[in-house]
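Undergrad: Before I ask anything, let me first share the structure, which is written out below as structure tokens.
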Ligand code: ADE
């Protein structure tokens, strides 16, 4: 036999191999697959039934509100939970996340699914039940109609079809909107066959089985499926340690023991979706030689061009060099020399007592590659001339040559067992050579006998297992007991539970409150809005002799007479010249005060310290602990190679730098980039790049770097995300998400309220509901910042960015200051201050807290409902605004409040007024504001 031997002096380790990047990388496999942006066409979305035409399957797209706003099945999903939404992906995809949402329907919908199950199929015929790593089928999901809940799938799904079965624990209507995230499964591997992983008996048994394998199991062999070798999880150096919590030692590896084989190798067989030309195979192996585990000594791989063809007897052989100095686990890359095939069978030869793999992936192109060296015509098959011919796959323990000692078949007869990956079929199917009837009949008989033997063995083993109660069973039992407390990766977007990193139970059966009403409705725990209150009884004397107070009030301002009403002429206070009803608080309500803050902890102002930072002007205040977490440590995003930034246009400019729109081609190929999963493969990523001028002052430079550190830790759907930085050379750059609709102030000033559409100006319209949706997103982002004790200090519409579908993200960029300079009060030698958004205690006492962010939020909400047509207090000069802060302090009823915008329901205006309570402790928290907007304000049309 001609062996093509490839010698290697070093084991090729993942990090050092030039081609490694081209292998499948699960970390970057988080693209939206196209429900939301409709690249999955309507005809590929199918449902078991629909309630109506306007709630058909095609409306089950995340974050869209076409039709009646979601897919709703015809009948209640309880108790069968058999209604499903099916998505066809055509090609095999690696699916890593599922996003779900209920039916919000602009406030008219109140249906959502608290949990769902998933089924998947690779061929559209046989459906497999998805289970998490602990065997749970149920995925907890939505708790209201509007939040997107993202669930990380562990293990990921490799499939062409997905079915989502919304569930309920009682008769109720459910509706669903969905997005799938992942990427094309380039490997094309659709099944592998492997001997069952074994148990290493240490003080605690180490189970090296393939626990997520989704194919068939017969004694000692698994076939027709995929499992841990393709789940994207790489095992640790010490094979006993695991990446997941609450799994058993050895979980990440599949391992085999040398002395259970006779020929000293393990045979793995791989079946691909079509014939492919193989460049290389990457095998992630353990090498804890101190415990008898080493990388394989050599591997020989055989190929066949299609499932029913003969094996090419000429293998690719690859030898490794033993490494008994380093116990690091490693990826060994086996060059496959352009050989082609649809099936590949590899014999991995032991170098030590044990061999353990955690992942196997392939680099291949669909195509012909190097032709086979033997004829592949069928039949008759050519008699192989190899000394050790590659055996065709057959069932274990068969009378036709199964060698349990080698985990391999040794027969060379014509009949071949063809893998049937369908779980619906009970056993592999035999493909027969009809040119030779006697052989055919012989083979059939052999197969039938073989099947009988297998069935007998299975029954026999099960019988004994039952009787003896094996250790494996005990593990399963333990497994069952941990199911209910297993953490699951959950990300709730826009929700009160922003649980990046927080743990949730995946089994919601335990958590559903049986006392809930028959039909799902948004929580009825409506907050009682506080009445207007001047806090007379709370006006405990602030230190009037506070130096900051005197400093500011006694100062001769450099900028005076700032009358910046955008549309109306400056008129005396208390007129309606700004185009809005000018509303004084209702004195009758002042005494009857129900605070938002009842029974909630007060803002811990004492814990807050200031941190000057961020591109020039603004200042953040964060508690010492948070500073450590946010700014004190290293930047947690990678250094980005700036040559990949393709300049498109300038977005803005400020004192110390500029913001540019740039394009990054093939962002998934740049591992340093914090990968944004909501773009589609093949599309460039648009980013905003903030660049510090090279001649910026040292302070500006320090602030810039501080901003980088802080921003790199902020991860929330409503906070602008830092994707990468260039800080090793000048000019310093920060790369953030690009928001195509610019800042919220400009965006809204270019809109009219929807009922005014049709006017000659043709200005785009926007509805009250959308305005509330915008405001709720800002509250959600602020809720996140507040959860980190992070004080923004400059919340305003100018510092919020608008993306597609009215997505809002809070940002802060000093560079907007040119455009909005009139919003800031300039004090010589001191920071410019956004006094019209600042709470009285910020202006007078320099005290910035989460509660003063709430004040600014009130002003921002006012701007939103005014569609940014006016500057806040446009009739007041800057000095009068500061005087007004003094009135808030004195609390004698002379303070002036922003008036209620015309379109503003009373309760929403009351919310604003509560944000401007004199006592910061009485102002609502962002969580409450968010909940009020999502559940109550949205219904006040
Ligand atoms: N201007 C400044 N930053 C921006 C961003 N991230 N997206 C759009 N415009 C911007």
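Numbering (this note's numbering), first residue to last: 17 to 957. Positions of the beta carbon are idealized from the N, C-alpha and C atoms, including for glycine.
How close, in whole Å, do the beta carbons of residue 291 and residue 241 come, if the pair is a contact with beta carbons under 8 Å?
TA: Working through the chain shown from its first residue, we reach residue 291 at position 275. Working through the chain shown from its first residue, we reach residue 241 at position 225. With 8 Å as the limit, residue 291 and residue 241 do not qualify as a contact, their Cβ atoms being about 21 Å apart.
Undergrad: If you draw a straight line from the alpha carbon of residue 832 to that of residue 747, how long is it in whole angstroms?
TA: Taking the first residue of the chain shown as position 1, residue 832 is located at position 816. Taking the first residue of the chain shown as position 1, residue 747 is located at position 731. Reliability of the predicted coordinates at residue 832 is poor, the pLDDT of 43 falling under 50, and the value obtained from them is presented with this limitation in mind. Those two C-alpha atoms are separated by around 19 Å.
Undergrad: So, with DSSP's three-state summary, where would you put residue 298?
TA: As a working mapping, residue 298 is identified with position 282 in the chain shown. Reduced to three states, the DSSP call for residue 298 is strand.
Undergrad: So, residue 197 versus residue 112, is the Cβ gap smaller than 8 Å?
TA: Here residue 197 refers to the residue found at position 181 of the chain shown. Here residue 112 refers to the residue found at position 96 of the chain shown. A contact, by the Cβ cut-off of 8 Å.
Undergrad: DSSP three-state label for residue 928, please.
TA: Here residue 928 is taken as the residue at index 912 of the chain shown, counted from 1. Note: residue 928 maps to helix in three-state DSSP.
Undergrad: Give every residue of the same chain whose Cβ lies closer than 6 Å to the Cβ of residue 629, excluding the five residues on either side of it in the sequence, and list them in chain order.
TA: If you number the chain shown from 1, residue 629 lands on position 613. Interpretation of residue 629 is limited by its pLDDT of 30, a score under 50 that renders its predicted location unreliable; no figure is taken from the coordinates.
Undergrad: Quick check: the segment 799 to 812 against the segment 779 to 791, are at least 3 beta-carbon pairs closer than 8 Å?
TA: no
Undergrad: Tell me, which residues are paired with residue 137 by DSSP?
TA: Here the question's residue 137 lines up with position 121 in the chain shown. 177.
Undergrad: What is the DSSP secondary structure of residue 272, counted as helix, strand or coil?
TA: Your numbering for residue 272 matches position 256 in the chain shown. Correct three-state label for residue 272: strand.
Undergrad: Look up residue 944 in the DSSP assignment and say whether it is helix, strand or coil.
TA: As a first step, residue 944 is located in the chain shown; it is residue number 928 there, counting from the start. Helix, per DSSP.
Undergrad: Between the beta-carbon of residue 256 and the beta-carbon of residue 222, is there less than 8 Å?
TA: Numbered from 1 along the chain shown, position 240 holds the residue referred to as residue 256. Numbered from 1 along the chain shown, position 206 holds the residue referred to as residue 222. Between residue 256 and residue 222, the gap from beta carbon to beta carbon is short of 8 Å.
Undergrad: Where do the ends of the alpha helix (DSSP H) carrying residue 217 lie?
TA: Along the chain shown, one-based indexing puts residue 217 at 201. No alpha helix (DSSP H) contains residue 217, which is instead part of the beta strand (DSSP E) from 215 to 217.
Undergrad: With burial defined as no fewer than 16 other Cβ atoms inside 10 Å of the residue's Cβ, what is the status of residue 891: buried or exposed?
TA: In the chain shown, residue 891 corresponds to position 875, counting from 1. The residue is buried, with at least 16 neighbouring Cβ atoms inside 10 Å.
Undergrad: Which of the three DSSP states, helix, strand or coil, is assigned to residue 819?
TA: Locating residue 819 in the chain shown gives position 803, where the first residue counts as 1. Residue state for residue 819 is assigned as coil, using DSSP reduced to three classes.
Undergrad: Hey, residue 310 and residue 367 are a contact pair by Cβ (cut 8 Å); roughly how many whole angstroms apart?
TA: To locate residue 310, count along the chain shown from 1; it is residue 294. To locate residue 367, count along the chain shown from 1; it is residue 351. Confirmed, about 4 Å.
Undergrad: Could you spell out where the beta strand (DSSP E) holding residue 958 opens and where it closes?
TA: Nothing can be reported for residue 958, as the shown portion of the chain is limited to 17 through 957.
Undergrad: Nearest by alpha-carbon distance to residue 286: which of 253, 822, 206 is it?
TA: As a working note, residue 286 is residue 270 in the chain shown. Selection 253, 822, 206 evaluated against residue 286 yields 206 as nearest (Cα-Cα).
Undergrad: Report whether the distance from the Cβ of residue 752 to the nearest heavy atom of the ligand ADE is below 7 Å.
TA: Counting from 1 along the chain shown, the entry for residue 752 is found at position 736. Yes, Cβ of residue 752 sits closer than 7 Å to a heavy atom of the ligand ADE.
Undergrad: Are the CB atoms of residue 754 and residue 688 within a distance shorter than 8 Å?
TA: Walking along the chain shown from the start, residue 688 turns up at place 672. Walking along the chain shown from the start, residue 754 turns up at place 738. No.
Undergrad: Does the beta carbon of residue 73 fall short of 7 Å from some heavy atom of the ligand ADE?
TA: Here the question's residue 73 lines up with position 57 in the chain shown. No, since every heavy atom of the ligand ADE falls outside the 7 Å radius drawn around the Cβ of residue 73.
Undergrad: Near residue 939, what residues of its chain come up, given a Cβ to Cβ distance below 6 Å and the 5 sequence neighbours on each side ignored?
TA: Here residue 939 refers to the residue found at position 923 when the chain shown is read from its first residue. Sequence-distant partners of residue 939 (beyond 5 residues in either direction) whose C-beta falls short of 6 Å from its own C-beta, in its chain, are 867, 870, 931, 933.
Undergrad: Exposed or buried, what is residue 705 when buried is set at 16 or more other beta-carbons lying within 10 Å of its beta-carbon?
TA: As a first step, residue 705 must be located in the chain shown, where it is residue number 689. By the 10 Å Cβ count, residue 705 comes out buried.
Undergrad: Taking all protein chains shown into account, do 16 or more other C-beta atoms lie within 10 angstroms of the C-beta of residue 714, making it buried, or fewer, making it exposed?
TA: Taking the first residue of the chain shown as 1, we reach residue 714 at position 698. The residue in question, residue 714, is exposed, as its Cβ has fewer than 16 Cβ neighbours within 10 Å.
Undergrad: Would you report the Cα separation of residue 348 and residue 679, rounded to the nearest angstrom?
TA: By 1-based counting over the chain shown, the position of residue 348 is 332. By 1-based counting over the chain shown, the position of residue 679 is 663. One C-alpha to the other measures close to 35 Å.
Undergrad: According to DSSP, is residue 358 helix, strand or coil?
TA: One-based indexing of the chain shown puts residue 358 at position 342. Residue 358 falls in the strand class under three-state DSSP.
Undergrad: Does the Cβ-Cβ distance between residue 49 and residue 116 come in under 8 Å?
TA: The residue labelled residue 49 in the question sits at position 33 within the chain shown. The residue labelled residue 116 in the question sits at position 100 within the chain shown. No; because the gap between Cβ atoms is not below 8 Å, this pair is not in contact.
Undergrad: With a cut-off of 8 Å on the beta carbons, I'd call residue 359 and residue 320 a contact; round off their distance for me.
TA: Position 343 of the chain shown holds residue 359. Position 304 of the chain shown holds residue 320. 5 Å between Cβ atoms; contact.
Undergrad: Taking the Cβ atom as the reference point for each residue, do residue 888 and residue 895 lie within a distance shorter than 8 Å?
TA: Looking up residue 888 in the chain shown gives position 872. Looking up residue 895 in the chain shown gives position 879. Not in contact: residue 888 and residue 895 (Cβ atoms no closer than 8 Å).
Undergrad: DSSP three-state label for residue 879, please.
TA: Here residue 879 refers to the residue found at position 863 of the chain shown. Three-state result, residue 879: helix.
Undergrad: State yes or no: is the C-beta of residue 6 nearer than 7 Å to some heavy atom of the ligand ADE?
TA: Beyond the ends of the chain as shown, which are 17 and 957, falls residue 6; an answer cannot be given.
Undergrad: Do residue 675 and the ligand ADE come close, with the Cβ less than 7 Å from some heavy atom?
TA: Translated into the one-based positions of the chain shown, residue 675 becomes position 659. Yes, the beta carbon of residue 675 sits closer than 7 Å to at least one heavy atom of the ligand ADE.
Undergrad: Restricting to runs no shorter than 4 residues, where is the alpha helix (DSSP H) found entirely within the segment 696 to 757?
TA: 714 to 727
Undergrad: Should residue 668 be counted as a contact of the ligand ADE given a C-beta to heavy atom distance under 7 Å?
TA: Locating residue 668 in the chain shown gives position 652, counting from the first residue. Checking every heavy atom of the ligand ADE against the Cβ of residue 668, one is found closer than 7 Å.
Undergrad: The ligand ADE heavy atoms versus the CB of residue 661: any closer than 7 Å?
TA: As a working mapping, residue 661 is identified with position 645 in the chain shown. No, since every heavy atom of the ligand ADE falls outside the 7 Å radius drawn around the Cβ of residue 661.
Undergrad: Compare the Cα-Cα distances from residue 738 to each of 698, 823, 828, 467 and report the closest residue.
TA: Indexing the chain shown from 1 puts residue 738 at position 722. That would be 828, whose Cα lies nearest to the Cα of residue 738.
Undergrad: Can you list, in chain order, the residues of its chain whose CB lies under 7 Å from that of residue 350, leaving out five sequence neighbours each side?
TA: Here the question's residue 350 lines up with position 334 in the chain shown. Correct list, in chain order: 296, 297, 299, 315, 334.
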